[in-house]
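To keep things clear, I will list the structure first and then write my remarks on it.
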Amino acid sequence: MLIGASERDFITKGVESGIRADGRGPLDFRQFFLETGMITQASGSCRATIDFGTDVLAGVKVQVGDIEGRVDSDEAQADGAMVEDAGAGDDAETGAQSRGNVGRVVCTVECSPAAKSVLDAREVDDMCNEYSQILTRTLNGPHGGLDLQKLCIIPGSTCWVVNVDVLILDYGGNVLDTIFMAVRGALHNTRLPKATVEQTDGHFEFDISDDETEILAGRESVPVAMTLSKIGTSRIVDSTPLEALCSAAQVTVFVNRAGNVCGLQKSGKGSLEPSILIDMIETGVKLGTELAEKLDAVLDREERDRLSHIEPTGFR
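Taking UniProt numbering, the leading residue of the sequence shown gets 1, the next gets one more, and so forth.
See the structure below:
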């Protein structure tokens, strides 16, 4: 996507004057829409759409996996049970500690042909790889929100693997923020089967319920992403594709509902003065906290509306 010099100058001067091309102020968002439970085969799903902009669908599928990375076969999952040797003595205890007692989140971001038509093919691949890494790093990190220890089924052996698959259906700017909204909604919508573990003669045996009824522990603390773009001497949120082309640098603040910074991501070739960077981070924390609170309210309301067969509503 290219932009002419005159159009760049028009957008830059408008932002510096506090008026954007679509009439919004520097810190105004476009309207968002959320809808959960769209994919019946998934453990959880959510579609996040920006009005006249980006459209993202996130699906979550949970499965039993080995803590070291091996995923159990479909046959073992169909049986709903597995027997693991607990070992004996200090060796078994040391091995369990070395492998950890936590589950994990595996994230993949892909782009639909409709969205690819707007961007260069190489840009699409780089963007999807980058966003996949950011999602995986954030959700598996110490401030990712999800309680990964609660995903452990058998210490040192077996855990829940949460697979998060994201599809960018349409491109209209502010993609990363929209992805995190969709993923947060999908994790909020996700239900796990109940796992019952029993130990007999030094062996662990577990049984998995057929019904998915358990929520993900810590889902309310999953962070949102708030990206601020520096254009000229000003900064804006929820940038359009043309505004993104005029931006020299972007700062994404990952913040949870409690207002805690969970991560930072700087992109773009331009530099930022320390005072400007601090101001962008503080603004991102404030707006991100407000967004997380709105998301929770909308997700709760949307779930009730969906069960009552009412069309989803948006929010500003």
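The beta carbon of each residue, even a glycine, is placed where N, CA and C say it ideally should be.
In this text the structure is predicted, and so the values were computed from the model without any measurement.
Asked                                                                                                                             : Found
Opening and closing residue of the alpha helix (DSSP H) in which Arg8 lies                                                        : 5 to 16
Ile276, DSSP secondary structure in three states                                                                                  : helix
Spatial neighbours of Arg191 in its chain, beta-carbon cut-off 8 Å, leaving aside the 5 residues before and after                 : Ser43, Gly44, Glu212, Thr213, Glu214, Ile215
The beta strand (DSSP E) enclosing Pro223, as first and last residue numbers                                                      : From DSSP, Pro223 is part of no beta strand (DSSP E); its letter is neither H nor E.
Rounded separation between Thr12 and Ala182 - CA only                                                                             : 30 Å
Selected residue, minimal CA-CA separation from Gln133, among Ile154, Glu110, Ser229, Ala114                                      : Glu110
Straight-line gap, Ala208 to Gly25 (C-alpha atoms, nearest Å)                                                                     : Note that residue 208 is Ile in the sequence shown, not Ala. If you take the alpha carbons of Ile208 and Gly25, they lie about 51 Å apart.
Of the residues Val102, Gln199, Val62, the one placed nearest Asn140, counting alpha carbons only                                 : Val102
Collapsed DSSP secondary structure at Thr289 in the structure displayed                                                           : helix
Proximity to Thr40 [Cα-Cα], best of Arg30, Leu34, Gly59                                                                           : Gly59
Lys194 versus Ala297 - alpha carbon distance                                                                                      : 27 Å
Where Arg20 falls, given that 16 or more other Cβ within 10 Å makes a residue buried                                              : buried
Sheet register partners of His188 (DSSP bridge)                                                                                   : DSSP, once it has assigned bridges, lists no residue as partnering His188.
The stretch 136 to 153 contacting the stretch 28 to 38, beta-carbon criterion three pairs below 8 Å                               : no
Exposed unless 16 or more other CB atoms sit within 10 angstroms - verdict on Glu16                                               : exposed
Bridge partners - Gly44, DSSP secondary structure assignment                                                                      : Val60
Reduced DSSP secondary structure (H/G/I, E/B, other) of Ile179                                                                    : helix
Three-state class that DSSP yields for Gln265 in the structure shown                                                              : strand
CB of Gly4 within 8 Å of CB of Ile67, strictly                                                                                    : no
Given 8 Å, three or more beta-carbon pairs between the stretch 162 to 182 and the stretch 47 to 66                                : yes
Under 8 Å between C-beta atoms of Glu35 and Glu220                                                                                : no
Residue from Leu242, Glu130, Asp120, Arg122 with nearest C-alpha to Thr108                                                        : Glu130
Cutoff 6 Å; reference Leu151; Cβ partners in own chain excluding five residues on either side                                     : Gly103, Cys159, Trp160
Ile179 versus Gly270: straight-line alpha-carbon distance, rounded                                                                : 24 Å
Contacts around His143, its chain only, beta-carbon distance under 6 Å, and the 5 residues preceding and following it disregarded : Cys262
Buried or exposed (CB count within 10 angstroms, at least 16 for buried), Gly18                                                   : exposed
Beta-carbon proximity list for Ala115, same chain, < 6 Å, skipping 5 on both sides                                                : Ile168, Asp170, Tyr171
Residue environment, Gly89, which counts as buried when at least 16 other CB atoms sit within 10 Å                                : Because the pLDDT at Gly89 is just 42, under 50, the model does not fix this residue reliably, and the value given afterwards should be weighed accordingly. Exposed, because fewer than 16 other Cβ atoms sit within 10 Å of the Cβ of Gly89.
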